[in-house]
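Written out below as structure tokens is the structure these notes cover.
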Amino acid sequence: MIRQILHYSLHFIFPFLIAYWFFRGRWKEAGIIMALTILMDLDHLLANPIFDPNRCSIGFHPLHTFWALIVYCLIFFVPSWKWRAVALGFILHLGTDALDCLLGGTWSIFT
51 MIRQILHYSL
61 HFIFPFLIAY
71 WFFRGRWKEA
81 GIIMALTILM
91 DLDHLLANPI
101 FDPNRCSIGF
111 HPLHTFWALI
121 VYCLIFFVPS
131 WKWRAVALGF
141 ILHLGTDALD
151 CLLGGTWSIF
161 T
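Be aware that the sequence shown starts at 51, since it is given in this note's numbering, and climbs by one per residue.
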């Protein structure tokens, strides 16, 4: 239960805290953009089964790969606060999912 609360808090509340730090003048807009990066989970619809509680999304779904992370990091350097918010949201999303995989025992940083 605590794992799920932490997971969804990091997806929907933490982006606003980060937005306040990075985008002080537009933190509400940036927070909404960053929270909307939850839409990257639409790539879960490509999996069979769509939901598997014992499957780590990192490295499995196309938008949750190391290569996608590289693209998100590159997008961060686009000189637009909106694109930076999108990129930061995607990066935070992957971090949240990675933490969930570690806590759930479905992924190890050592393998």
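Glycine included, each C-beta is placed from N, C-alpha and C at the ideal position. These numbers were taken from a predicted model, which means no experiment stands behind them.
Anticipated Cβ contact below 8 Å, residue i with residue j, distance rounded
i           : j           : result
residue 60  : residue 90  : Contact flag wrong, Cβ pair sits at about 14 Å.
residue 83  : residue 139 : 6 Å
residue 120 : residue 133 : Actually they do not touch by this definition, with Cβ atoms about 16 Å apart.
residue 143 : residue 88  : 7 Å
C-alpha distance - residue i paired with residue j, whole-angstrom precision
i           : j           : result
residue 77  : residue 63  : 12 Å
residue 79  : residue 147 : 23 Å
residue 123 : residue 104 : 28 Å
residue 58  : residue 51  : 11 Å
residue 111 : residue 118 : 10 Å
residue 73  : residue 67  : 10 Å
residue 95  : residue 81  : 25 Å
residue 75  : residue 150 : 31 Å
residue 71  : residue 107 : 28 Å
residue 129 : residue 65  : 20 Å
Of the residues the options, the one placed nearest residue i, counting alpha carbons only
i           : options             : result
residue 109 : 53, 51, 125 and 156 : 156
residue 69  : 57, 58, 131 and 96  : 131
residue 141 : 152, 73, 95 and 85  : 85
Cut-off 7 Å between Cβ atoms - residues of its own chain near residue i, not counting five sequence neighbours on either side
i           : result
residue 115 : 109
Close beta carbons around residue i, own chain, < 8 Å, minus the five adjacent residues each side
i          : result
residue 54 : none
Own chain partners of residue i with C-beta closer than 6 Å, once the 5 adjacent residues on each side are dropped
i           : result
residue 137 : 122, 125 and 126
residue 135 : 80, 83 and 84
residue 93  : 111, 112 and 113
Cutoff 9 Å: residue i Cβ touching any chain B Cβ
i          : result
residue 66 : As a matter of chain content, chain B is missing from the structure shown, which is built from one protein chain.
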